[in-house]
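Residue numbers (the numbering used here): 237 to 470.
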């Protein structure tokens with residue numbers, strides 16, 4: 237479905253991503269793990285059109301999308317739930333969700349999409365008319381994921397969905413991610429909680445200082461001594 241071919245991404249003169257290559261097959265859940273500053277978020281920003289690669293290519297369904305604008309990528313089926321949630325705090329929960337459906341026409345079943353989000357995150361229905369800024373951190377994360385689903389994506393980019401959340405909420409978020417995979421959404425998951433990410437992923441890539449250091453089946457990486465020492469506390 238998607239592959240990156242030797243992409244290089246810069247922030248001015250800072251070389252953040254260095255000849256990174258990876259692929260994601262349709263229906264897979266692929267995890268991208270690594271320490272803070274490894275470049276994980278930059279990879280997602282490159283895929284979603286927010287940070288263009290200076291060199292290399294990103295291919296989505298046989299189309300080169302390396303220079304494509306972000307809004308066009310959403311129309312192609314790529315959606316991004318960013319790090320830090322980035323919800324519209326003064327708008328209501330419902331208004332935030334409706335913004336996620338901006339690419340859809342009036343004939344689309346937007347109400348059905350909202351009902352689906354509420355089935356995943358029932359608390360959002362209870363908070364529907366509240367300003368998003370009044371939600372707890374966990375509820376805001378649910379809203380961010382819900383908003384990204386409103387465009388009916390084929391490929392979902394999730395950036396640190398469990399960051400800063402209480403254990404029970406982390407469990408809920410990961411349950412929903414697994415449900416989305418069962419519903420045939422392909423997922424690229426960036427996650428600090430390497431153990432839980434590898435537990436649910438099909439495959440994974442380990443990013444270190446902007447370079448892919450390891451990749452393989454998630455189960456194999458769970459048992460890899462180097463990964464255990466660096467990311468799994470053992």
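Beta carbons are placed, not taken as given, at the ideal position from N, Cα and C, and that holds for glycine.
According to DSSP, residues forming a beta bridge with residue i
i, result
"residue 395", "426"
"residue 243", "256"
"residue 293", "241"
"residue 300", "295"
"residue 367", "328"
"residue 444", "447"
"residue 283", "Paired residue(s): none; residue 283 is not in a bridge."
"residue 251", "246"
Buried versus exposed, by CB contacts within 10 Å (16 or more), residue i
i, result
"residue 402", "exposed"
"residue 347", "exposed"
"residue 430", "buried"
"residue 320", "exposed"
"residue 250", "exposed"
"residue 323", "buried"
"residue 290", "exposed"
"residue 410", "buried"
"residue 260", "buried"
CB contact check: residue i to chain D, cutoff 9 Å
i, result
"residue 255", "In the displayed structure, chain D is absent; only one protein chain is listed."
Pairwise C-alpha distance: residue j and residue i
i, j, result
"residue 345", "residue 254", "42 Å"
"residue 452", "residue 366", "43 Å"
"residue 298", "residue 286", "20 Å"
"residue 413", "residue 268", "15 Å"
"residue 382", "residue 292", "32 Å"
"residue 407", "residue 442", "23 Å"
"residue 468", "residue 280", "23 Å"
"residue 276", "residue 399", "14 Å"
"residue 372", "residue 354", "17 Å"
"residue 433", "residue 252", "23 Å"
"residue 405", "residue 247", "34 Å"
"residue 427", "residue 395", "7 Å"
"residue 278", "residue 361", "32 Å"
"residue 419", "residue 438", "15 Å"
"residue 258", "residue 447", "11 Å"
"residue 296", "residue 238", "4 Å"
Residue i (DSSP reduced to helix, strand or coil)
i, result
"residue 326", "coil"
"residue 372", "coil"
"residue 439", "strand"
"residue 452", "strand"
"residue 466", "helix"
"residue 268", "strand"
"residue 355", "helix"
"residue 315", "strand"
"residue 401", "coil"
"residue 321", "coil"
Beta carbon of residue i nearer than 9 Å to that of residue j
i, j, result
"residue 397", "residue 425", "yes"
"residue 385", "residue 284", "no"
"residue 392", "residue 416", "yes"
"residue 328", "residue 364", "yes"
"residue 450", "residue 457", "yes"
"residue 266", "residue 466", "no"
"residue 339", "residue 302", "no"
"residue 369", "residue 317", "no"
"residue 422", "residue 264", "yes"
"residue 273", "residue 461", "no"
"residue 332", "residue 379", "yes"
"residue 350", "residue 294", "no"
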